[in-house]
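Trainee: To start, I am sharing the structure in question, which I have written as structure tokens.
There are 4 protein chains.
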Amino acid sequence: MLDALREAVLEANLEVVRRGLVLYTFGNASGIDRASGLVAIKPSGVPYENLGPGDLVITDLEGKTVEGTLRPSSDLATHLELYKAFPKIGGVVHTHSRFATSWAQAGREIPCLGTTHADYFHGPVPITEHLSPGEIDMAYERATGEAIVKRFEGLNPMAFPGVLVVGHAPFTWGKNAGEAAMHAAILEEIATMAYYSVTLNAAAGDLPKTVMDKHHLRKHGPDAYYGQVKK
Amino acid sequence: MLDALREAVLEANLEVVRRGLVLYTFGNASGIDRASGLVAIKPSGVPYENLGPGDLVITDLEGKTVEGTLRPSSDLATHLELYKAFPKIGGVVHTHSRFATSWAQAGREIPCLGTTHADYFHGPVPITEHLSPGEIDMAYERATGEAIVKRFEGLNPMAFPGVLVVGHAPFTWGKNAGEAAMHAAILEEIATMAYYSVTLNAAAGDLPKTVMDKHHLRKHGPDAYYGQVKK
Amino acid sequence: MLDALREAVLEANLEVVRRGLVLYTFGNASGIDRASGLVAIKPSGVPYENLGPGDLVITDLEGKTVEGTLRPSSDLATHLELYKAFPKIGGVVHTHSRFATSWAQAGREIPCLGTTHADYFHGPVPITEHLSPGEIDMAYERATGEAIVKRFEGLNPMAFPGVLVVGHAPFTWGKNAGEAAMHAAILEEIATMAYYSVTLNAAAGDLPKTVMDKHHLRKHGPDAYYGQVKK
Amino acid sequence: MLDALREAVLEANLEVVRRGLVLYTFGNASGIDRASGLVAIKPSGVPYENLGPGDLVITDLEGKTVEGTLRPSSDLATHLELYKAFPKIGGVVHTHSRFATSWAQAGREIPCLGTTHADYFHGPVPITEHLSPGEIDMAYERATGEAIVKRFEGLNPMAFPGVLVVGHAPFTWGKNAGEAAMHAAILEEIATMAYYSVTLNAAAGDLPKTVMDKHHLRKHGPDAYYGQVKK
Numbered sequence: 019m020l021d022a023l024r025e026a027v028l029e030a031n032l033e034v035v036r037r038g039l040v041l042y043t044f045g046n047a048s049g050i051d052r053a054s055g056l057v058a059i060k061p062s063g064v065p066y067e068n069l070g071p072g073d074l075v076i077t078d079l080e081g082k083t084v085e086g087t088l089r090p091s092s093d094l095a096t097h098l099e100l101y102k103a104f105p106k107i108g109g110v111v112h113t114h115s116r117f118a119t120s121w122a123q124a125g126r127e128i129p130c131l132g133t134t135h136a137d138y139f140h141g142p143v144p145i146t147e148h149l150s151p152g153e154i155d156m157a158y159e160r161a162t163g164e165a166i167v168k169r170f171e172g173l174n175p176m177a178f179p180g181v182l183v184v185g186h187a188p189f190t191w192g193k194n195a196g197e198a199a200m201h202a203a204i205l206e207e208i209a210t211m212a213y214y215s216v217t218l219n220a221a222a223g224d225l226p227k228t229v230m231d232k233h234h235l236r237k238h239g240p241d242a243y244y245g246q247v248k249k
Numbered sequence: 019m020l021d022a023l024r025e026a027v028l029e030a031n032l033e034v035v036r037r038g039l040v041l042y043t044f045g046n047a048s049g050i051d052r053a054s055g056l057v058a059i060k061p062s063g064v065p066y067e068n069l070g071p072g073d074l075v076i077t078d079l080e081g082k083t084v085e086g087t088l089r090p091s092s093d094l095a096t097h098l099e100l101y102k103a104f105p106k107i108g109g110v111v112h113t114h115s116r117f118a119t120s121w122a123q124a125g126r127e128i129p130c131l132g133t134t135h136a137d138y139f140h141g142p143v144p145i146t147e148h149l150s151p152g153e154i155d156m157a158y159e160r161a162t163g164e165a166i167v168k169r170f171e172g173l174n175p176m177a178f179p180g181v182l183v184v185g186h187a188p189f190t191w192g193k194n195a196g197e198a199a200m201h202a203a204i205l206e207e208i209a210t211m212a213y214y215s216v217t218l219n220a221a222a223g224d225l226p227k228t229v230m231d232k233h234h235l236r237k238h239g240p241d242a243y244y245g246q247v248k249k
Numbered sequence: 019m020l021d022a023l024r025e026a027v028l029e030a031n032l033e034v035v036r037r038g039l040v041l042y043t044f045g046n047a048s049g050i051d052r053a054s055g056l057v058a059i060k061p062s063g064v065p066y067e068n069l070g071p072g073d074l075v076i077t078d079l080e081g082k083t084v085e086g087t088l089r090p091s092s093d094l095a096t097h098l099e100l101y102k103a104f105p106k107i108g109g110v111v112h113t114h115s116r117f118a119t120s121w122a123q124a125g126r127e128i129p130c131l132g133t134t135h136a137d138y139f140h141g142p143v144p145i146t147e148h149l150s151p152g153e154i155d156m157a158y159e160r161a162t163g164e165a166i167v168k169r170f171e172g173l174n175p176m177a178f179p180g181v182l183v184v185g186h187a188p189f190t191w192g193k194n195a196g197e198a199a200m201h202a203a204i205l206e207e208i209a210t211m212a213y214y215s216v217t218l219n220a221a222a223g224d225l226p227k228t229v230m231d232k233h234h235l236r237k238h239g240p241d242a243y244y245g246q247v248k249k
Numbered sequence: 019m020l021d022a023l024r025e026a027v028l029e030a031n032l033e034v035v036r037r038g039l040v041l042y043t044f045g046n047a048s049g050i051d052r053a054s055g056l057v058a059i060k061p062s063g064v065p066y067e068n069l070g071p072g073d074l075v076i077t078d079l080e081g082k083t084v085e086g087t088l089r090p091s092s093d094l095a096t097h098l099e100l101y102k103a104f105p106k107i108g109g110v111v112h113t114h115s116r117f118a119t120s121w122a123q124a125g126r127e128i129p130c131l132g133t134t135h136a137d138y139f140h141g142p143v144p145i146t147e148h149l150s151p152g153e154i155d156m157a158y159e160r161a162t163g164e165a166i167v168k169r170f171e172g173l174n175p176m177a178f179p180g181v182l183v184v185g186h187a188p189f190t191w192g193k194n195a196g197e198a199a200m201h202a203a204i205l206e207e208i209a210t211m212a213y214y215s216v217t218l219n220a221a222a223g224d225l226p227k228t229v230m231d232k233h234h235l236r237k238h239g240p241d242a243y244y245g246q247v248k249k
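Chains as they are written, first to last, in this note's numbering: chain A, 19 to 249; chain B, 19 to 249; chain C, 19 to 249; chain D, 19 to 249.
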């Protein structure tokens, strides 16, 4: 059971490299087995090219290592806050992908300018508030997770599968690690096109709500008609 | 006969991937056999790497599936409106390519700033009007096609082989699916250079009409002298 | 003798493709044999992947085909004007490379903002004037060459190995076709960095003359000390 | 002993090519053996693809060639000033990488806008002052090194592993040539994201000091907890 989780998490870690979303050892992907409450995550600072399934670290939801001899990613505490607060998610990915990070550094949420965006995010990509000096000193990575959870009050994390951490970079999630990695790639594409759009037209704003709903729901709603019928 | 159409449409679908114009399953290409009125189109949401000629869906001009077990692309109805309104076209391609989509999201037509543009589009790349909420609710994809056709009142679709759908992305066409795919790549290049040009000089505008005509007609006019003589 | 010219010109044509400076059949490279006054140039509209040395067209300086069965590049007349006016050049390359073309479309010369630029161009990259409607109608490609030559009154073409044709794209040259291709790649890099520089700081201007001279002359002056001593 | 240095310096020179940081023969990497005071550096203007360890030039700290028959990089004197002034560094890399060079050409230091930046530079990336005409005429490359050293008065070069030379390009360093090359790649990434950030939000400024310290020190401080424990 954990073998399948390890394989899926390893694959998600490699996928963000193949998609050009990480440089060196930046970034990390994790997945959770909800039955046992165990999380598999990338070890900290290990080059992706040397990574095997046995190098992944297995922890419980409090961050205690259950299997593995390497240190888990230093962002583990952020991942754990998301798993605890968003019960439907099965994977989390963190990258410093170029355009999503640039929006985070600019301190701006990404407006929903087009249907590519609306297909995946049912509105602007949210951005967190700055942490207080106290939060940074005490438990920085956990506080980052808490800031994300706070920002999602009133938002459905399955309709907004990612967030920008202000001054830092994006986190994305999905029903498993592979979908979280796909959302990392799509968020980067959305962020790229939004950059070019707003620099072409500073007044460009959110799509009309009818179009936004139409696109999101034709893919994700109860009457979705995009893709093939699941049997 | 349909075998050749299937092969050409498959090849056009793969070409837009090779050219970096689509991410994941975004985008779709189709072609029409004018004699029988049958259209071959990519199935909805199927990964390009698994696509074979037998996976393409064959429909009639009303969108009824004639051959194939998969669902056609959700944008089929848009393609069909174009085939019905533009009798000389034989292929249609839809992508979310980065710069063309950014212009669509910015709500701006692409000015004809240079000869690269004039070689393929005999003036600015047109952009559609927004759909009404009613159109979106009733038959969104068909209404998208109708909005394109409406925008082309008074324009020759063979001299303007593509369009931006506002808040969405480009559609291109050509005498067959392969040419439609080539026009998708060229539109993206034109859109890219126009982005850099207008951000360098906000006052940059259309080429003088004499240059625009010269370039378009040396390639496409009755006395064209670009390329080799067709035997 | 012409065999070596054919090989060098073919290689220059392929080099601009490998460097990502051309899309489809855009662009062309030529070279001249000064002893015989014969020019080898790419045929018009032939895909690069099929190009062999025997496909190149050999013409005299008046543009009359001396060897070859294909039509020469439609830009031949521009190349010929450059060979006639600039006796020290041995090769010419024309591309629609992305950033150089964007400056041409923006109608701006490229300021000499840094030492990368000064290493190759001893001042701003010049841009031509617009052609008159009469020039466009009569002999467009020759008039383009004449406009370049006119812009170079008072400029040394060996110290400024390229130009932007306004609303069109760059031409570069060098002592042979290979060097002209290298200058096409370097002009594109200079144009790219200049774009990012002026959008970061609209007031950025030419380097101080002392630095510009220092860099240009340490590479190209009589006391050049860059690179290895030629034996 | 020098064999290992040669191999490491060769590898650093090739790494900056693989990372897309240099075009043609631009750029150079060196390393120092502190015990003997000998420096290995790339020869001037030699194509990277032909470079072997035996082609590297070995000089002393005064720039006198000790081993090798080729001329050393014309930027050697700049490297030597850095080795003399910064006793903890073991490698230096110079590139004309696109975005870092654009900031240098724009004459702006790179603000510390995010945690990616703070992980490597403990504040803005510094930029040098312009040289005087006298300095340029007399000993340009040495004066460039002196200008860097002057800019670092009061700054720890191990906490700021690189600099922008105004109107020119970046230099980076590290505990050896390999780390200097990694810092060249990371500086380019930081410069890229800073470009997009400030063009999205001209008012974007440095991270709060608490976050900057937190990120820099979790990776580099005495209580660092990023990566695996060194044994």
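Cβ coordinates follow ideal geometry from the N, Cα and C atoms, glycine included.
1. Check the DSSP bridge columns for D:D51 and list the partner residues they point to.
2. Kindly indicate if chain C contains any beta-carbon less than 8 angstroms away from that of B:V167.
3. At the 8 angstroms Cβ level, is D:R36 part of the contact set with chain C, yes or no?
4. Under 7 angstroms between beta-carbons, which chain A residues line up against B:Q123? List them in chain order, please.
5. Taking the alpha helix (DSSP H) that B:E206 belongs to, which residues open and close that run?
6. Within 10 angstroms of the Cβ of B:K173, are there 16 or more other Cβ atoms? Answer buried if so, exposed if not.
7. How many angstroms separate the CA atom of C:A251 from the CA atom of D:N219?
8. Among the residues of its own chain, which have a CB less than 6 angstroms from the CB of B:T119, if the five just before and after it don't count?
9. For D:G63, return the contacting residues in chain C, with the cut-off set at a CB-CB distance below 7 angstroms.
10. Does A:K249 have its Cβ less than 8 angstroms from a Cβ in chain B?
11. Please confirm if C:F170 has its CB atom under 8 angstroms from at least one CB of chain B.
12. Flag A:G185 as yes if its beta-carbon sits less than 8 angstroms from any beta-carbon of chain D, otherwise no.
13. Please return the same chain residues whose Cβ sits closer than 7 angstroms to the Cβ of C:S92, not counting the five positions on each side in sequence.
14. Along the chain, where does the beta strand (DSSP E) that runs through D:H140 open and close?
15. What number of angstroms, rounded off, separates the C-alpha of C:L20 from the C-alpha of C:G38?
16. Could you check if C:A136 belongs to the surroundings of the ligand GTP, using beta carbon to heavy atom distance under 7 angstroms?
17. Going by Cα to Cα distance, which pick from D:Y66, D:L56 and D:V57 is closest to D:E33?
18. Could you tell me the distance, in whole angstroms, from the CA atom of D:I204 to the CA atom of D:T134?
19. In chain B, which residues lie less than 9 angstroms from A:V143 when you measure between Cβ atoms?
20. Does D:H135 come within less than 8 angstroms of chain C when only Cβ atoms are used?
21. For the beta strand (DSSP E) that A:H112 lies in, which residues bound it at each end?
22. Measure the C-alpha to C-alpha separation of C:E147 and D:T217 and round it to an integer number of angstroms.
23. For A:A30 versus A:G196, is the C-beta distance shorter than 8 angstroms?
24. What in chain D is Cβ-close to A:F117, meaning under 9 angstroms?
25. In the DSSP assignment, what residue or residues form a beta bridge with D:T83?
26. Can you have a look at C:N46 and say buried or exposed, based on whether 16 or more other CB atoms are within 10 angstroms of its CB?
27. Taking only three categories from DSSP, how would you classify C:F189?
28. What residues from chain A crowd round D:E207, counting only those whose CB sits closer than 7 angstroms?
29. Go to D:G180, then tell me how far its alpha helix (DSSP H) extends in each direction, as first and last residue.
30. For A:K193, count neighbouring Cβ atoms within 10 angstroms of its own Cβ and tell me buried if that reaches 16, exposed if not.
31. Is there a Cβ of chain D sitting closer than 8 angstroms to that of C:T228, yes or no?
32. Closest Cβ-Cβ distance between A:R236 and chain B: below 8 angstroms?
33. Please work out which residues of its chain come closer than 6 angstroms, Cβ to Cβ, to A:K249, disregarding the five sequence neighbours upstream and downstream, and give them in chain order.
34. Leaving out the 5 sequence neighbours to the left and right, which residues in its chain are closer than 8 angstroms to A:L149 when beta-carbon positions are compared?
35. Quick one: any contact between the segment 105–115 of chain D and the segment 49–57 of chain D, if contact means 3 or more CB pairs under 8 angstroms?
36. Let me see if you follow: with CB-CB separation under 8 angstroms, is A:D182 close to chain B or not?
Mentor: Considering the structure as presented:
1. According to DSSP, D:D51 bridges with D:L56.
2. no
3. no
4. L131, G132, M211, S215 and A222
5. Element bounds for B:E206: A195 to L218.
6. Looking at the sequence itself, residue 173 of chain B is Leu, so the reference to Lys does not match. Per the 10 Å Cβ criterion, exposed.
7. Here chain C has residues from 19 to 249 only, and residue 251 of chain C is not among them.
8. A187
9. Y244, G245 and Q246
10. Summary for A:K249: the model assigns pLDDT 49, below 50, so the residue's position carries little reliability; its value from the coordinates is reported in the next sentence. Chain B, which has no Cβ nearer than 8 angstroms to the Cβ of A:K249, makes this no.
11. no
12. yes
13. S62 and E159
14. Element bounds for D:H140: n/a, residue is neither H nor E.
15. 28 angstroms
16. No copy of the ligand GTP occurs in the structure displayed, which carries no ligand at all.
17. D:Y66
18. 9 angstroms
19. Here the premise fails: no neighbours, minimum Cβ distance about 14 angstroms.
20. no
21. G109 to H112
22. 31 angstroms
23. yes
24. What A:F117 touches in chain D: M211 and Y214.
25. DSSP lists D:T77 as partners of D:T83.
26. buried
27. strand
28. L41
29. For D:G180, there is no enclosing alpha helix (DSSP H); the enclosing beta strand (DSSP E) covers residues G180 to L182.
30. exposed
31. Interface residue, yes.
32. yes
33. Residue placement at A:K249 cannot be trusted, given a pLDDT of 49 that sits under 50; what the coordinates show is reported in the next sentence. There are no such residues.
34. Cβ neighbours of A:L149 beyond the five flanking positions: Y158, A161, T162 and A165.
35. yes
36. The identity of residue 182 of chain A in the sequence shown is Leu, whereas the question assumes Asp. Not an interface residue.
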